[in-house]
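Residues in the sequence shown are numbered from 234 upward in steps of one, following my numbering.
The beta carbon of each residue, even a glycine, is placed where N, CA and C say it ideally should be.
Following: one structure in structure tokens, then a few remarks.
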Amino acid sequence: SVGTTNIACLPRELENNFVDTMSSLSYLNFEDGSNEASMILYGDPANPDGIESLYLKKDVSELQWFDNICAWADENYLEEDIFPRDREKLEELFELDISKKGITELPKEIGKLSNLRVLIVDDNYIKTFPEELYQLDKLVALSFINNGISHISQEIIKLEELLLFYACHNDIVSMPENFFKLKKLTTLCLHGNKLTTLSNDIGNLSTLTSIAISNNDISALPL
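Laid out in structure tokens, this is it:
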């Protein structure tokens with residue numbers, strides 16, 4: 234049994250010649266755990282040296298997100314050194330900088346990159362963020378300068394580790410209430426948006442050391 238491993242593919246010899254290569258095996262279980270390629274092989278009680286049947290199970294949902302995000306990377310001509318086409322490397326990715334790539338949207342599968350600390354998508358054409366972005370709860374820096382973002386979700390409260398938030402030169406009209414509950418934020422850049430007011434709750438961001446709000450339509454600062 235190798236059910237607790239993380240096998241992504243089966244050897245070709247096993248698929249094509251399993252009777253020859255594993256003729257003495259009576260039972261093999263890959264089904265448990267998070268294997269992408271899973272199988273059960275049962276021996277024939279009347280013929281213990283031969284395998285009677287083969288059961289192969291693929292977890293399509295686990296494979297699909299990786300296929301989808303790689304397809305998105307291909308469509309946007311992201312090089313391998315920026316966006317590796319390897320699942321383990323993607324899941325371990327610490328920083329992703331895809332600035333100036335002409336990107337119009339982020340895929341919902343971005344939420345699967347659970348180890349991301351830094352996400353930089355400056356100078357693109359992104360107008361909305363998928364809700365799955367807010368699953369990246371290890372993010373300490375989020376930068377999307379010079380895009381077309383107009384709305385920040387209340388779900389941003391899930392980014393509890395966020396230190397740096399760069400949102401200059403977008404179309405943001407207002408900030409969600411939950412944004413002002415981010416207890417670790419040190420840098421906030423909202424320069425060049427469409428803000429008309431700034432919430433009194435900004436005072437709750439007690440860890441702020443830098444804030445930029447010039448080139449908006451704000452007529453008065455909160456008390």
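Would you tell me roughly how many angstroms separate the C-alpha atoms of residue i and residue j, rounded to the nearest one?
i	j	result
Ile273	Leu369	Legend: pLDDT at Ile273 = 48, less than 50; position of this residue unreliable, value from coordinates given subsequently. The alpha-carbon atoms of Ile273 and Leu369 are separated by roughly 35 Å.
Ser386	Glu313	31 Å
Leu326	Trp298	16 Å
Ala453	Ala304	47 Å
Asp319	Tyr310	16 Å
Pro448	Glu321	Checking the displayed sequence, the identity of residue 448 turns out to be Asn instead of Pro. Answer to the nearest angstrom: the Cα atoms are 43 Å apart.
Leu456	Asn380	30 Å
Ile284	Gly335	Residue confidence for Ile284 is low, a pLDDT of 46 falling below 50, so the modelled location carries little weight and cannot support an answer.
Lys360	Ser432	23 Å
Can you check DSSP and say which residues form a bridge with residue i?
i	result
Ala445	Cys422
Under a three-way DSSP split, which group does residue i fall into?
i	result
Ala306	helix
Asp404	coil
Phe299	helix
Glu312	coil
Asn411	helix
Val293	Its pLDDT being 49, under 50, Val293 is placed unreliably by the model, and nothing is read from it.
Asn357	coil
Asp450	coil
Compute the distance between the beta-carbons of residue i and residue j, then report whether it is under 9 Å.
i	j	result
Ile457	Tyr399	Past the boundaries of the shown model lies residue 457; the chain is included only from 234 to 456, so the question cannot be answered.
Arg350	Leu372	yes
Ser439	Lys416	yes
Of all the beta strand (DSSP E) runs that stay within the bounds of the segment 368-399, which reach a length of 3 or more residues? 374-376, 397-399
Whole alpha helix (DSSP H) runs in the segment 314-355 with 4 or more residues, listed along the chain? 320-324
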